[in-house]
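S.K.: My structure is below; once you've seen it, I'll send some questions.
Residue numbers (the numbering used here): 57 to 315.
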């Protein structure tokens, strides 16, 4: 029997949302053929979840930790720091052997500890997520090369609800519909600051990838057609109003002329 996560949901074809996965959920997730998993919270995934993704060739992106784009730079920085630390230890060891070895060992160990970049998830008091994280995540979600995708956070409510709300803004949903969907998952745990973040997020900051998913292309085409239809109706209303005004003015002038 397949058991989905408690907060699992289908966002669009091939795009899913969920809370933290447990071993009981793995058969269900495997059935979806997931290619990419995106984590929005800075907590490290469990060993079981990491092993599951690795065994099933699922690309795991710790988006909140920035590991998807900072691993290579961190490794190079750590290697250079380790070399510098060893050099400092050797030079200081010339004066006093015991203290020199202690300084060298301390510098080497500290330099080999990987630093976790804070920028992608560093937020102010009212922001559930940073704009940079939302931007990076949405551009990954809109890249057809990453599909099928599952987006997760610890609770399946707050960060992911905010993230999906920003996606809906990008899809031209009206704000009321976005809040209805957000509260459908959050229920009594809904947060006003999340809703405020969704409303104020600047969707123009997003750069669309070259390879877009089919559902996005179809929806954008439908939206453009609806916009063109609305503009046509508006022009027709303006023209009709102009004609009525012209006719009224003509009638008034005729009445004045007759009187």
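Glycine included, C-beta positions come from ideal geometry on N, C-alpha and C.
Any idea if residue 57 is buried or exposed, counting beta-carbon neighbours within 10 angstroms, 16 or more meaning buried?
M.R.: The residue you call residue 57 lines up with position 1 of the chain shown. Exposed, because fewer than 16 other Cβ atoms sit within 10 Å of the Cβ of residue 57.
S.K.: 9 Å is my cut-off, CB to CB: does residue 110 come that close to chain B?
M.R.: Any reference to chain B falls outside this structure, which holds one protein chain only.
S.K.: If you reduce the DSSP assignment to three classes, tell me which class residue 178 lands in.
M.R.: Residue 178 sits at position 122 when you count from the first residue of the chain shown. Low local confidence applies: a pLDDT of 45 at residue 178 is under 50, so the model's placement there is unreliable, with the coordinate-based value given in what follows. DSSP places residue 178 in coil when its eight states are reduced to three.
S.K.: Taking only three categories from DSSP, how would you classify residue 233?
M.R.: In the chain shown, residue 233 corresponds to position 177, counting from 1. Here residue 233 sits in helix by DSSP.
S.K.: Considering only the alpha carbon of each residue, which of 75, 259, 302 lies closest to residue 223?
M.R.: Locating residue 223 in the chain shown gives position 167, counting from the first residue. Taking only the C-alpha atoms, the option nearest residue 223 is 259.
S.K.: For residue 71, name the three-state secondary structure that DSSP assigns.
M.R.: To locate residue 71, count along the chain shown from 1; it is residue 15. Reduced to three states, the DSSP call for residue 71 is strand.
S.K.: For residue 329, which of helix, strand or coil comes out of DSSP?
M.R.: Since the displayed the chain opens at 57 and closes at 315, residue 329 lies outside it and no answer follows.
S.K.: From which residue to which residue does the beta strand (DSSP E) around residue 208 run?
M.R.: Locating residue 208 in the chain shown gives position 152, where the first residue counts as 1. Where residue 208 is concerned, the enclosing beta strand (DSSP E) stretches over 205-208.
S.K.: In the DSSP output, which residue or residues are listed as bridge partners for residue 116?
M.R.: The residue labelled residue 116 in the question sits at position 60 within the chain shown. Note: residue 116 sits in a beta bridge opposite 93.
S.K.: Quick one, which of 59, 285, 73 has its alpha-carbon nearest residue 210's?
M.R.: Your numbering for residue 210 matches position 154 in the chain shown. Nearest option by C-alpha distance: 73.
S.K.: At the level of alpha carbons, what is the spacing between residue 302 and residue 292?
M.R.: In the chain shown, counting from the first residue as 1, residue 302 sits at position 246. In the chain shown, counting from the first residue as 1, residue 292 sits at position 236. Cα to Cα, residue 302 sits roughly 15 Å from residue 292.
S.K.: Report the option in 254, 262, 109, 219 whose CA atom is closest to the CA atom of residue 79.
M.R.: To locate residue 79, count along the chain shown from 1; it is residue 23. Answer by Cα proximity: 109.
S.K.: Would you tell me roughly how many angstroms separate the C-alpha atoms of residue 285 and residue 232, rounded to the nearest one?
M.R.: The residue labelled residue 285 in the question sits at position 229 within the chain shown. The residue labelled residue 232 in the question sits at position 176 within the chain shown. Using only the alpha carbons, I get a separation of about 23 Å.
S.K.: Considering only C-alpha positions, which residue in the set 226, 98, 294 is nearest to residue 279?
M.R.: By one-based count along the chain shown, residue 279 stands at place 223. Considering only alpha carbons, the answer is 226.
S.K.: Going by CA-CA distance only, name the one from 238, 84, 97 that's closest to residue 250.
M.R.: Within the chain shown, the letter at position 194 stands for residue 250. Per the Cα distances, 238.
S.K.: Identify which residue in 93, 68, 67, 71 has its Cα closest to the Cα of residue 77.
M.R.: Here residue 77 is taken as the residue at index 21 of the chain shown, counted from 1. Nearest of 93, 68, 67, 71 to residue 77, Cα basis: 93.
S.K.: Compute the Euclidean distance between the alpha carbons of residue 62 and residue 214, then round it to the nearest angstrom.
M.R.: Translated into positions along the chain shown, residue 62 becomes position 6. Translated into positions along the chain shown, residue 214 becomes position 158. Computed Cα separation, rounded: 14 Å.
S.K.: Tell me whether residue 262 sits in a helix, a strand or coil according to DSSP, three-state version.
M.R.: As a working note, residue 262 is residue 206 in the chain shown. In this structure, residue 262 counts as coil in the three-state DSSP scheme.
S.K.: May I have the straight-line CA-CA distance separating residue 99 from residue 275, to the nearest angstrom?
M.R.: Locating residue 99 in the chain shown gives position 43, counting from the first residue. Locating residue 275 in the chain shown gives position 219, counting from the first residue. Residue 99 and residue 275: Cα-Cα distance of roughly 34 Å.
S.K.: Take residue 68 and list the residues in its own chain whose beta-carbon comes closer than 6 Å to its own, dropping the five residues that flank it on each side.
M.R.: By 1-based counting over the chain shown, the position of residue 68 is 12. Result list for residue 68: 271, in chain order.
S.K.: Going by other Cβ atoms of all chains shown within 10 Å of its Cβ, with 16 needed for buried, is residue 83 buried or exposed?
M.R.: Here residue 83 corresponds to residue number 27 of the chain shown, with the count starting at 1. Residue 83 is exposed by the Cβ-count criterion.
S.K.: When the Cα atoms are used, what is the spatial distance from residue 217 to residue 243?
M.R.: Numbered from 1 along the chain shown, position 161 holds the residue referred to as residue 217. Numbered from 1 along the chain shown, position 187 holds the residue referred to as residue 243. Straight-line Cα distance between these residues: approximately 11 Å.
S.K.: If distances are taken between C-alpha atoms only, which option among 117, 268, 221 comes closest to residue 252?
M.R.: Mapped onto the chain shown, residue 252 falls at position 196. It is 221 whose Cα lies nearest to the Cα of residue 252.
S.K.: Straight-line CA distance for residue 208 to residue 281?
M.R.: In the chain shown, residue 208 corresponds to position 152, counting from 1. In the chain shown, residue 281 corresponds to position 225, counting from 1. In a straight line, the C-alpha of residue 208 is about 33 Å away from that of residue 281.
S.K.: Which value, in whole angstroms, describes the spacing of the CA atoms of residue 192 and residue 112?
M.R.: Along the chain shown, one-based indexing puts residue 192 at 136. Along the chain shown, one-based indexing puts residue 112 at 56. Going from the Cα of residue 192 to the Cα of residue 112 covers about 24 Å.
S.K.: Under the DSSP definition of a beta bridge, which residues are partnered with residue 212?
M.R.: The count along the chain shown starts at 1 and reaches residue 212 at position 156. Its beta-bridge partners do not exist; DSSP assigns none.
S.K.: Shortest alpha-carbon distance to residue 187 belongs to which of 197, 256, 95?
M.R.: As a working note, residue 187 is residue 131 in the chain shown. Comparing Cα-Cα distances from residue 187 to each of 197, 256, 95, the minimum goes to 256.
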